[in-house]
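> Under this note's numbering, think of the first position of the sequence shown as 1394, with each following residue one higher.
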Amino acid sequence: MRLAPTYPIETERLLLRPLTSEDVDSVHAYQSLPEVCAYVPYEPRTREQVEERLAKPEFTRHELDAEKQALTLGIVVKDTGRLAGDVMLFWHSEEHRSGELGYQLHPDHWGRGYATEAGRAALGLAFEELGLHRVIARIDAENPGSAAVLRRLGMRQEAVLHENEWFKGRWSTEIDFAMLDREWRALSHGA
Ligand SMILES: CC(C)(COP(=O)(O)OP(=O)(O)OC[C@H]1O[C@@H](n2cnc3c(N)ncnc32)[C@H](O)[C@@H]1OP(=O)(O)O)[C@@H](O)C(=O)NCCC(=O)NCCS
1394 MRLAPTYPIE TERLLLRPLT SEDVDSVHAY QSLPEVCAYV PYEPRTREQV
1444 EERLAKPEFT RHELDAEKQA LTLGIVVKDT GRLAGDVMLF WHSEEHRSGE
1494 LGYQLHPDHW GRGYATEAGR AALGLAFEEL GLHRVIARID AENPGSAAVL
1544 RRLGMRQEAV LHENEWFKGR WSTEIDFAML DREWRALSHG A
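1. Unbroken alpha helix (DSSP H) runs of length 4 or more, entirely within the segment 1408-1446: which are they?
2. Quick one: measure Cβ to Cβ for residue 1573 and residue 1513, integer angstroms, because I've assumed they're closer than 8 Å.
3. Which runs of the beta strand (DSSP E), 3 residues or longer, sit entirely within the segment 1525-1583?
4. Taking the alpha helix (DSSP H) that residue 1466 belongs to, which residues open and close that run?
5. Among 1461, 1417 and 1426, whose alpha-carbon lies nearest the alpha-carbon of residue 1441?
6. Is it the case that the CB of residue 1545 approaches a heavy atom of ligand 1 more closely than 7 Å?
7. Return the chain-ordered list of same chain residues with a C-beta closer than 6 Å to the C-beta of residue 1400, the five sequence neighbours on each side being excluded.
8. Between the Cα of residue 1554 and those of 1542, 1560, 1567 and 1544, spot the shortest distance and give me the residue it belongs to.
9. Tell me whether the beta-carbon of residue 1519 lies closer than 8 Å to the beta-carbon of residue 1492.
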């Protein structure tokens, strides 16, 4: 199994492509914001931290060729050329053909459907190109905007894990969503 897309990946309003060291300022612009970091594992990042990450090959990879790798793609708005955020596809297991979706956008770009549009493209890569059987997404119950993205994508809510993590000073309830390859095909059918 392998995922080696041709870039940029084009959707109606967006271009998706690997991040580069040129993106430090644009990535820092959203990864430094408390409202972007509230429900993601990391704390707001300094410019130096973003620079260090984007200097590492695992954060700027173009391909997935082994399980446990993650592909992070920058989300560029076609009309403006601005980097709005990123979408991530984690490949968890080759044996189980499983993966996970993640996304984050600068608040300037919330409320336009970009996360949904980019997430749909990432699911397309996962199911149609990498050949995954099952893609999950795990969100905090206090992040309804993210749940709405997953519902718009057609992912099913599977589980609520009440207070399962001590997260940023409080008990976090996790909601797990999933989609199977046949569900993706059924949704795409006739699209
Ligand atoms: C989670 C996150 C990406 C959701 O952003 P979002 O802007 O609500 O999601 P989308 O980009 O899909 O946009 C959907 C909104 O745009 C609206 N919209 C406008 N034009 C649209 C279009 N053409 N297509 C779809 N939706 C559109 C929708 O109605 C919806 O608005 P609503 O929430 O008021 O109903 C964003 O809040 C974020 O980056 N948060 C910080 C990081 C984070 O928590 N990531 C998830 C971790 S699990």
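In this text, a Cβ means the ideal position worked out from N, Cα and C, and glycines have one as well. Keep in mind that this is a model prediction, so the values were computed, not measured.
Per the coordinate set shown:
1. 1417-1424 and 1427-1430
2. That pair is no contact at about 16 Å.
3. 1527-1533, 1549-1560 and 1563-1573
4. Element bounds for residue 1466: not the alpha helix (DSSP H) but the beta strand (DSSP E), 1463-1470.
5. 1417
6. yes
7. 1410
8. 1567
9. yes
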